[in-house]
Structures are given as structure tokens and as C-alpha cells.
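To start, the structure itself, in C-alpha cells.
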Amino acid sequence: MKKFIASVVFALAASVSAMNTASAAGGHVELQDAQADIHNTSSLQRGAKYYVNYCMGCHSLNYSRYSRIATDLELTQDQVVKNLIFTRNADGEPENPGALMKNAMSQKHSAEWFGAPPPDLSLVGRSRGPDWIYSYMKAFYLDPTRPLGVNNTVFPNVGMPHVLWELQGLQEKHCTKDGDGEHAVEHCELKLVKPGSMSAIEYDQVVRDLTNFLTYVGEPAKLHRHGYGIFVLLFLALFAVLAYFLKKEYWRDVH
1 MKKFIASVVF ALAASVSAMN TASAAGGHVE LQDAQADIHN TSSLQRGAKY
51 YVNYCMGCHS LNYSRYSRIA TDLELTQDQV VKNLIFTRNA DGEPENPGAL
101 MKNAMSQKHS AEWFGAPPPD LSLVGRSRGP DWIYSYMKAF YLDPTRPLGV
151 NNTVFPNVGM PHVLWELQGL QEKHCTKDGD GEHAVEHCEL KLVKPGSMSA
201 IEYDQVVRDL TNFLTYVGEP AKLHRHGYGI FVLLFLALFA VLAYFLKKEY
251 WRDVH
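Okay, so the sequence shown: first residue is 1 according to UniProt numbering, each after it adds one.
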């Protein structure tokens, strides 16, 4: 019995430690409002394009199929084949639209190159939330102490390069302290020191499109679930009316 109690306590302690680690990884910065809208089809289409071109070299979407994305994003299979599928199957042929969205990088090689294999992002929209994704993609800054030369205020010491730096430009982190001693409060902000090919507004839209796409990928059924819910409520309302009149008919002669 003592061993059982000890194992339970150990498991709880491990869970708390894991949560604290996750909290530390997420940082203590205030997240920005992504204004995510998965019903914006144009935004989802652009997000899919940006994801395949900038993210999929490292991050697969192992729970998503090209054909499902084509249907939900109102794309033809020809458009998907020409613009989204760049990987090949075991026979050296281009993947077909029914294939899962896996990249060509092996887990072994990616672990050797990056220290750990880049995670699959199929469920990041559900696990992290759109505000986290949006804030994270805007929070990279130069840090010469890091192996890849950049760090992130939302996810400190992340092992990912800033793949969108050519679009956003490069930022530096500037911090100031208010107060003295243990009561000092540090305020940090990111300042653009090298402009990218896009303005801040244009880059915000790119990140929002990516966020919308990853939010959609995390739960594709959400696109249609609300519509189904309205249909069910209307059906129940109609059934309630019919049930009411049927009840009146059955009990008409009962006094």
C-alpha cells in the first residue's frame, strides 16, 4: 500500500513538473489576439501555401490529407498537385492527393541536425491555441548565444530558426527595469533592426493566415460542426412542435 501511495505521489509530482516545464516553454508574455477565422477560405488557402513553402520542410502534418484540405479549402486536385505537393513516395513518384501530409525529412536525420526531431504540427492549433501560434511567429529576435542565432520571447530557447525572417526582417530585444532590488519590474520590447521584404501589416497577415490554417488543421470538423448544430436545433424545435400537437391529440378525450 505504501508503495502504491508513493507511486501516485511520484506521478503527481512528475505531472506538476511537466506542467511547469510547459509553462516555462510558453513563457510569461502576454499573447496577442490572433483574430482567428477558420471560415475565411482565402486566408486558409494562403496559409496552406505559406505552410508548404516555409514550414513543411521540417514539420509534417501526419493527421491531415491533401485531399481533405482540397475539399475544405475549395481547391481542385490539380491545384493541390501543382502547388502543395512537393514530396515523393517510395517509388519516386509524386505523392497522390489522398496521401498524408508528410515531409521527406527522416526523424533520424532531423534529430542529428537539430538535436531533436521537429514536432508534427497537426494538433498545435488545439494544444497551443491560435493566439499562441500568432504571437510565437512574431516573437523571434536576434540572440548570438543561441546555436541558430535567434531566440523567442514566447518560447524561450526554442531550437527553431526564424524561417520567415526574410519576410519580417530581424528584431532585437530591448529591456528596461523599473524599480530597484527585488521589486524591480523588467519590461522588454522587440524592435525591428533590419526590415524584411514585407511591411509590418503585410507580415501580420501572413502570420494570421498561417495561424488560421494550423487552427483549421487541428480540428477540420469545426468548419462544418456549427452548421450541423444549427440544423439539429432546428430539427428539435420542429419535432417539439409536432410532439406538442400529438400530445394534445392523444389526451384530447381525457378529463
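Heads up, the beta-carbon is just placed ideally off N, CA and C, and yes, glycines get one too.
Candidates the options: closest to residue i by CA position
i	options	result
ALA139	VAL163, GLY125, CYS55 and SER122	VAL163
GLY218	PRO118, ASN53 and ARG68	ARG68
LEU210	ASP33, VAL29 and LYS49	LYS49
SER110	ASN151, LEU75 and SER60	SER60
VAL29	PRO130, MET56, THR153 and ARG225	THR153
GLU112	SER127, GLY159 and ILE201	GLY159
TRP165	TYR203, ALA116, GLN77 and GLY129	TYR203
SER42	VAL124, LEU75 and VAL254	LEU75
residue 262	THR71, HIS187 and LEU142	Past the boundaries of the shown model lies residue 262; the chain is included only from 1 to 255, so the question cannot be answered.
ARG46	ASP78, GLY149, GLN77 and ASN83	ASN83
GLY115	LEU148, GLY129 and LYS194	LEU148
Contact check, residue i vs residue j, beta carbons under 8 Å
i	j	result
LEU44	LEU73	yes
LEU234	SER135	no
CYS58	ASN96	no
GLN168	LYS191	no
VAL206	MET198	yes
ILE38	TYR216	yes
SER122	ASN62	yes
LEU223	VAL124	no
PRO119	GLN107	no
TYR141	ASN151	yes
Terminal residues of the beta strand (DSSP E) in which residue i lies
i	result
PRO195	185 to 195
HIS226	Counting along the chain, HIS226 falls outside any beta strand (DSSP E), though it belongs to the alpha helix (DSSP H) covering 222 to 250.
PHE86	Element bounds for PHE86: n/a, residue is neither H nor E.
PHE140	140 to 142
Cutoff 7 Å; reference residue i; Cβ partners in own chain excluding five residues on either side
i	result
ALA25	Residue placement at ALA25 is poorly supported in this model, since its pLDDT is 43, which falls under 50; the coordinates are not used for a value here.
LYS247	none
ASP33	ASP131
GLU189	HIS174
ASN212	ALA36, ASP37, ILE38, ASN40, SER43, LEU44 and GLY47
GLU249	none
Chain-order list of residues whose beta-carbon lies under 8 Å from that of residue i (same chain, five-residue window excluded)
i	result
VAL185	LYS177, ASP178 and GLY179
ARG65	PRO97, GLY98, ALA99, LEU100 and MET101
ALA243	none
residue 260	Absent from the model: residue 260. The displayed extent of the chain is 1 to 255, so no value can be given.
Continuous alpha helix (DSSP H) stretch holding residue i: start and end
i	result
TYR134	130 to 137
ASN152	Taken as a continuous stretch (DSSP letters only), ASN152 belongs to no alpha helix (DSSP H), being part of the beta strand (DSSP E) at 150 to 152.
HIS109	107 to 114
TYR216	200 to 218
GLU166	165 to 168
ASP72	66 to 72
Contacting residues, own chain, Cβ-Cβ under 6 Å from residue i (five flanking each side not counted)
i	result
ASN53	none
MET137	VAL207
MET56	ASN103
residue 341	Outside the displayed range of the chain (1 to 255) lies residue 341, so it cannot be described from this structure.
Bridge partner(s) assigned by DSSP for residue i
i	result
LYS173	LEU190
MET101	LEU61
ASP178	VAL185
PRO94	ARG88
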